[in-house]
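Chemist:
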Amino acid sequence: MNFQHLQTGRNKFTGSSLLQDMNFLSPLHPPPQFCLSSPLGGGRMHLPKEGETAIPEMRFQISSPLMENKLWIFKKTVDERDKIQFVLLISRQGKVRLTKWYSPYTQKERTKVIRELSGVILARGPKLCNFVEWRGYKVVYKRYASLYFCMCIDQDDNELEVLEIIHHYVEILDRYFGSVCELDLIFNFHKAYYILDEILIAGELQESSKKTVARLIAAQDSLVETAKEQASSISNIIAQATK
């Protein structure tokens, strides 16, 4: 791989430049010499062993008289990647309508998080900003009618992007239910989870097209209806056979 190809490559998870997405762990953050292909030296890439993290640590050993046979390492762990930690939907009365956790929290921690954030967000005035600093994270929230949509992100993540993700989710809910309200999410909460899972995977935006999400949810509804019809017909056959 030459330097020009790597420089224009795109990360399939974030869409950002690969070079911008790297975190070089070497003294004084040296430039990425391992990207260069030269007849004067070769490079070796050490892939992760079985059982290691899915986002590997990559080591490049440069063997060249010009580079003094140095070892350069870049490492990007799961925790260091930009992602949403969790999603909460809270009513104006403090009732939880939806929760989705993308980071490991115990049940006790989840209860404490919901209680703390409910108290903080519901007490904020309408003229305050939509960002709250909390426990070393940032909570981005937006109110729609009687519901607060909240997403927790890292301190250095883009709050405006998360606001757009929240609005994107609400627009798809509105398109699916037709003028969505809190009762729709109470009686059809599983649909809200379906839609959220089509938009976010592992705390990262997966699908930005409303039409694509609507098509996938419609296909899923069709499968559910077909399964119900088959189950009903089987029940009728069994009932007739046992008469």
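According to the numbering used here, the sequence shown is numbered sequentially starting from 1338.
Each residue gets a CB set at the ideal place from its N, CA and C atoms; glycine is no exception.
Being a predicted model, the structure only gives us computed values, none of them experimental.
(1) Please go through the same chain and pick out, in chain order, the residues whose beta-carbon is closer than 7 Å to the beta-carbon of L1537, but skip the five residues on each side of it.
(2) If I measure Cβ to Cβ from L1500 and keep anything under 8 Å in the same chain, skipping five residues before and after, which residues do I get?
(3) In or out: S1570 buried (at least 16 other Cβ within 10 Å) or exposed?
(4) Which of the three DSSP states is assigned to D1491 in this structure?
(5) Suppose only complete runs of 4+ residues qualify. What are the alpha helix (DSSP H) ranges in the region 1451-1524, listed by chain order?
(6) Just to confirm my understanding: we take Q1554, look at its own chain, exclude 5 residues before and 5 after, and list those with CB closer than 8 Å. What are they?
(7) Give me, in chain order, the residues of the same chain whose beta-carbon lies closer than 8 Å to that of Q1341; leave out the 5 immediate sequence neighbours on both sides.
(8) In terms of residues, what are the limits of the alpha helix (DSSP H) holding I1536?
(9) Just the Cα atoms here: how many angstroms apart are T1549 and A1556?
(10) With a threshold of 6 Å on Cβ separation, who are the neighbours of S1516 within its own chain once the five nearest residues in sequence on each side are excluded?
(11) DSSP three-state label for S1428, please.
(12) Roughly how many angstroms lie between the CA atoms of I1458 and D1521, to the nearest whole one?
Modeler: Taking the geometry as given:
(1) I1421 and Q1543
(2) N1467, V1477 and K1479
(3) exposed
(4) strand
(5) 1496-1514 and 1519-1524
(6) This sequence places Ile at residue 1554; Gln is not what is there. Counting only Cβ-Cβ distances below 8 Å, and skipping sequence neighbours, we find Y1513, K1528, Y1531, I1532 and E1535.
(7) Since pLDDT at Q1341 reaches only 39, below the 50 mark, its modelled position is unreliable, and the value read off the structure follows with that caveat. Closer than 8 Å at Cβ, skipping near neighbours: no residue.
(8) F1526 to I1536
(9) 11 Å
(10) none
(11) strand
(12) 23 Å
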